[in-house]
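Let me begin by presenting the structure, written as structure tokens, before commenting on it.
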Amino acid sequence: MLAHEHPFRDGNGRTSRALFYWYMLKSGYDVFKYISISRLLHAAPVKYAASYQYTESDGMDLTYFLEYQAGVIKRALQNWQQHIDEITQRSAKLDSVLFSSGVLKRLNPRQVTLLNVMLANPGKEYTVAEISASLGVSDNTARADLRTIVKEGFAQEKRINNRAHLSFTLCAASSASSKQCTSHTTRCSFCP
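In this note's numbering, the protein residues as written are 3 to 194.
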């Protein structure tokens, strides 16, 4: 009820959530390292406030607040599970495409990981520096991995201002909703 009492001038909600996460992690609920309740609380401020008002108007019966918070936690867990399911499906789709096309034999595990990263945001442009930092490899290794992915037909390379700064975009057909490439005119490995 720290957020109810407001002992601090600012940050009472953040402090409450920090204590909540601390207690959950301390109690062995490690999954909360990956789950955010803040977004859900901010999405429905009226319901959050109502849970306090009902508690206050019913002799400080915390049932209203606890039911609301339990619902938030349940939705956060469902969102997390949905996210995990999407990642699993995306990875399975990629593995299927790579295996059936024979490309899997020509890629190393880091390049498959890179494709998974790119599939998470198919329209995003990636630079060598971003991939180098993301995968923890040198710029030369990141550049070679990206060019291998381009050579295999999964992405396009684009020079920016005719300089060595490169940008790579995954083919648009890699998204689950796409059936055909829209990002370029040549067929890529995701085309039917």
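Ideal Cβ placement from N, Cα and C applies to all residues, glycine included. Quick caveat: nothing in here was measured; it's all calculated off a predicted structure.
Proximity of residue i and residue j at Cβ, strictly below 9 Å
| i | j | result |
| --- | --- | --- |
| L117 | F67 | no |
| K153 | E127 | no |
| Y23 | W82 | no |
| Q71 | S53 | yes |
| L43 | G15 | yes |
| C109 | T150 | At residue 109 the sequence reads Leu, which differs from the Cys that was named. Taking 9 Å as the Cβ cut-off, L109 and T150 qualify as a contacting pair. |
| V139 | R112 | yes |
| I162 | A144 | no |
Element boundaries [beta strand (DSSP E), containing residue i]
| i | result |
| --- | --- |
| Y128 | 127–129 |
| K160 | 157–161 |
Closest residue to residue i among the options (Cα-Cα distance)
| i | options | result |
| --- | --- | --- |
| D87 | L100, T115, A122 | A122 |
| V114 | L21, D147, P47 | D147 |
| L137 | R149, D32, V119, A20 | V119 |
| Q158 | G125, N142, V139 | G125 |
| S18 | I39, Y31, V33, G30 | I39 |
| K49 | K28, D32, D141, E69 | E69 |
| F34 | T57, A45, L21 | L21 |
Residue i: first and last residue of the uninterrupted alpha helix (DSSP H) it sits in
| i | result |
| --- | --- |
| S38 | Taken as a continuous stretch (DSSP letters only), S38 belongs to no alpha helix (DSSP H), as it is neither H nor E. |
| D63 | Counting along the chain, D63 falls outside any alpha helix (DSSP H), and DSSP gives it neither H nor E. |
| V152 | 141–153 |
| S19 | A quick correction: the sequence has Arg, not Ser, at residue 19. It spans 14–28 - the alpha helix (DSSP H) in which R19 sits, taken as one unbroken run. |
Cutoff 9 Å: residue i Cβ touching any chain C Cβ
| i | result |
| --- | --- |
| R149 | Among the protein chains of the structure shown there is no chain C, as only one such chain exists. |
- prompt: Below 8 Å, can you find three or more Cβ-Cβ pairs linking the segment 92–104 to the segment 65–82?
  reply: At 8 Å Cβ cutoff, the stretches do not touch.
task: State whether the segment 105–125 contacts the segment 58–67, with contact taken as three or more CB pairs (one from each stretch) at a distance under 8 Å.
output: Pairwise C-beta distances place the segment 105–125 out of contact with the segment 58–67, as fewer than three of them are shorter than 8 Å.
Inside the segment 72–137 only - alpha helix (DSSP H) runs reaching at least 4 residues: The segment 72–137 contains these whole alpha helix (DSSP H) runs: 111–122, 130–137.
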